[in-house]
Each structure stands twice: as structure tokens, then as C-alpha cells.
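Colleague:
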Amino acid sequence: MTPSLVFCSLFTNMNIGISCYPTFGGSGVVASELGMELAREGHQVHIVTYAPPVRILSYHPNLHFHKVEISDYPLFEYPPYSLALASRLVEVAKTEHLDLIHVHYAIPHAVSAYLAQEMLTDRRIPFITTLHGTDITLVGNAPSFWPITHFILEKSDAVTAVSQYLKDETCRVFDVDREIEVIPNFVPRQLAEWAETQTDRASDSDGEAILAHISNFRPVKRISDVVEIFARVHRQRRAKLLMVGDGPERIHAERQAQEMGIHEDVYFLGEQAEVEEILRLADILLLPSQTESFGLVALEANAAGVPVIASRVGGLPEVIQDGQTGFLLPLGDVEAMSEAALKILNNPELRDRMRQAARRRARDLFSATRITASYTDLYRRVLQAPNL
Ligand code: GMT
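Numbering (the working numbering), first residue to last: 240 to 627.
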């Protein structure tokens, strides 16, 4: 990039390309919410992926969606999405004069961005890779993807991780000694604004308790632990469990609830675009995951004043303050998790204290404005780098 162009993008609004999975996963949610924040600040944001992201429900000024078309040519048993994405990124970079590309989830987005960068011969467009978790801990770590994930970590113009835990894991698993910046996830603006309008409900230790779980129902979420914890609570008091989301473990959980004779009090609600309605009802969120690089849903719950009971793994201790905004317990210890849930439910004073602490911490440390500023600061530093 010529010095004058660098100067322009440092002090004016930027043209930013974002690529992500458009589905209900946390990385897609973070990418979409960040896109909306950047657009709100006046940047031109171009989201490049195969479907409109689920969190972007309506028109937003300065936010544009560019669909990646995937060929279903019969020769392809596995259509090469990464190549179609790279081609589309090149087109969008040219027509929209992108200053940079920010990809969420390394595989395949960072690889496609690298290819696009190589194909754009008239100027160099930097790309920033944000690691979200399973792209490092599961997918990137699998033998078929380790070499390309390692390569792309080296090639990215900047790499960010959503927690210190994920940064440390990335350095350990990939033996990289490059700079990785920790930029945590943030509370979506709509949820934060809604939470501000909520007056604290008076806690009622005799009423029916509502426990909730929200995820993509993959094995890593340990869905059977959710049902086990709930069953123990249910033996002690009137309670219902709201299961939000969908994925491979849902069917097993439905059977488990049947077999345990608690199915009438377990509601499988499917995927929901707006979590507010669930969090408004919930007394506690259960998140007994095997691993969680951050646990965006835990932050969302806390922002809505809902304490979280989770396993002490991954980046969860960076989000939940044990004993203050929820409880962190050993992985798989469903007994201790149900006891912690009962402790909160049976003690209105503790529950109210936790609700307030949860709201305060989410607001003070994880606001959209604060975290978006960390990203724009990084973009500007990348655009100033001498190799452009
Ligand atoms: O596994 C998931 O829940 C989906 C995955 C994703 O990338 O969509 O979530 C990861 O990224 C989220 C957003 O940064 C984090 O909050 C989740 O903790 C992380 N999931 C895991 O590490 C298992």
C-alpha cells in the first residue's frame, strides 16, 4: 500500500471484509456482532460467506453481505468451498476497495484469505485471523489440518485469540512464537441494552426454578451432564430445564430425559436467534462443557443477570468469577454442579448478589464498545506495518 493510502485508512473509516461461519456457533455470532459494531461506527463492512449470518436479521447501514456461491458440479464429492471463498474475497476486495480482511475461525477462512492476498497482485491486503477455540483445540489439532493451521498462523498479518487460555493452547499445540493478541468476546449490544431495561426480579426460593442450557449440542458440550445435573435438582425441588439449540447430541438427551422420567419438565426449544427471551426466564445457566475457549453464552447469561454453573476448563475462569458470578466445578462432577445450583436456588440473598455481580462484571469488562475499540486499534496497527 502506498504511504498516502495508509495515511487515509488510519484516520478515516475503513473498508473491512469479514469472513465467518454464518451459523449459530459462537464464532459466527462474534463476527456478526463485530460487523454490526464496526458498521455502527461508520466503517464499511463486507461480510463474505455462504449465507446471511443468523444474528444479522435486518438491514444495517454500512453493512453488506456478499454470498459465496458453491458449485454442486457432480465431480465434486466435497465442493471446494475454500476456493470459492478465496475467489469471492478477491472480487469483493477489488470492487469494495477493502483495506483489510478479518477472518473468524482459522479453517478454512484464514487459508482462503491468504490465497486471496496472494491473488491480489496490485496491492497487498492484510488479513487478521481470530481464533475461536475448536479451530485450534479440535479441528486444527487433527492430523489432517495441523500443517495448514500451523502455516496459516505464521502467514496471518495478525492473530488474535478470544482468551489467554486459547493463546497459550495455540502456542503449545502449534509451537509458534509469533505475537498473538488476546481480545475477549463481548456482550452483544442488543442484549446489553435489553439488560439495562430489566429491573431485578425478587428472588423466590419456593417458586419453580428454571435452568437453561444453550449450545450447538455437540459432544464437547457434555449434554448428558446437563440432563444429569437437572435430574438431581428436580429431585429436590420443582424445576424445569430449557434446552436451546440443536445438534447431534439432542436426540440422545431427549431419550435420556425420557429414561430418567423427567421429560415432562425438559423442553427442547431448538435454535433461537434471540436469547433474551430465554435468559429473561432463566435462574441459572448450565455449561458443563469438556472444553470452552471462552464460553460466549456464559457471558451473555451473566450480562442478563443469570449466574452460570460450569466446568473449570479452558477460558471459562476468565469469564466466570467463581463464587461471584457463578460456580466453577471439576469437569464431569454433576453432583457438585447440582449442589451448586441448589445452593443458588435455595438462597435468595446469594442469588440476588450473584445476579448483580454478573451484570456488573459483564458491563464493565466485556462491553461491545470496549472490545470493538481493541479490534480497530489492531486494524490500524496492522495497516501501519512496514510490509504493506
Ligand atoms: O464449539 C462451539 O461452541 C462453536 C465454536 C464456534 O467457533 O462457533 O465456539 C467457540 O467460539 C466461541 C466464540 O469465540 C467461544 O465462545 C466458544 O467457547 C468456542 N467453543 C469451544 O471452545 C468449544
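Ideal Cβ placement from N, Cα and C applies to all residues, glycine included.
Is the beta carbon of threonine 368 less than 8 Å from the beta carbon of isoleucine 391?
Modeller: Cβ distance < 8 Å, so threonine 368 and isoleucine 391 count as in contact.
Colleague: Return the CA-CA distance between leucine 273 and aspartate 374, expressed in angstroms with no decimal places.
Modeller: Distance between the alpha carbons of leucine 273 and aspartate 374: 19 Å.
Colleague: Have a look at the DSSP bridge pairing and note the partners of alanine 400.
Modeller: DSSP lists Leu370 and Val421 as partners of alanine 400.
Colleague: Helix or strand or just coil, what does DSSP make of histidine 701?
Modeller: Residue 701 falls outside the range modelled here, since the chain spans only 240 to 627, and no answer is possible.
Colleague: Consult DSSP for tyrosine 506 and reduce its assignment to one of helix, strand or coil.
Modeller: Note: tyrosine 506 maps to strand in three-state DSSP.
Colleague: If leucine 480 sits next to phenylalanine 469, beta carbons under 8 Å apart, how far is it from one beta carbon to the other, in whole angstroms?
Modeller: Contact holds; Cβ gap of about 4 Å.
Colleague: Assign isoleucine 364 to buried or exposed, taking buried as 16 or more other Cβ atoms, counted over all protein chains shown, within 10 Å of its Cβ.
Modeller: Under this definition isoleucine 364 is a buried residue.
Colleague: Sort out for me which residues DSSP pairs glutamine 283 with in a bridge.
Modeller: DSSP, once it has assigned bridges, lists Asn254 as partnering glutamine 283.
Colleague: CA-CA distance, glutamate 513 and glutamate 539?
Modeller: Glutamate 513 and glutamate 539: Cα-Cα distance of roughly 11 Å.
Colleague: If you follow the alpha helix (DSSP H) that valine 547 is in, where does it begin and where does it stop?
Modeller: Unbroken run through valine 547 is the beta strand (DSSP E), 547-550; no alpha helix (DSSP H).
Colleague: How would you call aspartate 464, buried or exposed, if buried means at least 16 neighbouring beta carbons within 10 angstroms?
Modeller: So aspartate 464 ends up on the buried side.
Colleague: Please check if any C-beta of chain D sits within less than 8 Å of the C-beta of lysine 406.
Modeller: Absence of chain D from the displayed structure is noted, only one protein chain being present.
Colleague: Which residue's Cα is closest to the Cα of glutamate 531: Ile610, Leu525, Val552 and Gly544?
Modeller: Closest by alpha carbon: Val552.
Colleague: Less than 8 Å separating the beta-carbons of glutamate 515 and leucine 450?
Modeller: No, the Cβ-Cβ distance between glutamate 515 and leucine 450 is not below 8 Å.
Colleague: Report whether the distance from the Cβ of leucine 296 to the nearest heavy atom of the ligand GMT is below 7 Å.
Modeller: No.
Colleague: Is it the case that the CB of arginine 457 approaches a heavy atom of the ligand GMT more closely than 7 Å?
Modeller: Correct: arginine 457 has its Cβ closer than 7 Å to the ligand GMT.
Colleague: Report the three-state DSSP secondary structure of glycine 484 (helix, strand or coil).
Modeller: Three-state DSSP puts glycine 484 in coil, outside helix and strand.
Colleague: Could you check what DSSP says for aspartate 416 in three-state terms: helix, strand or coil?
Modeller: In the structure shown, aspartate 416 sits in coil (DSSP, three-state: anything other than H, G, I, E or B).
Colleague: Hey, how far is the Cα of valine 459 from the Cα of aspartate 361?
Modeller: Approximately 44 Å, taken between the alpha carbons.
Colleague: Would you mind reading off the limits of the alpha helix (DSSP H) that contains histidine 491?
Modeller: Unbroken alpha helix (DSSP H) run through histidine 491: 489-498.
Colleague: With respect to 7 Å, is the separation between the Cβ of threonine 399 and the closest non-hydrogen atom of the ligand GMT below this value?
Modeller: False, no ligand heavy atom lies under 7 Å from that Cβ.
Colleague: Terminal residues of the continuous beta strand (DSSP E) containing isoleucine 340?
Modeller: First-last of the beta strand (DSSP E) with isoleucine 340: 339-343.
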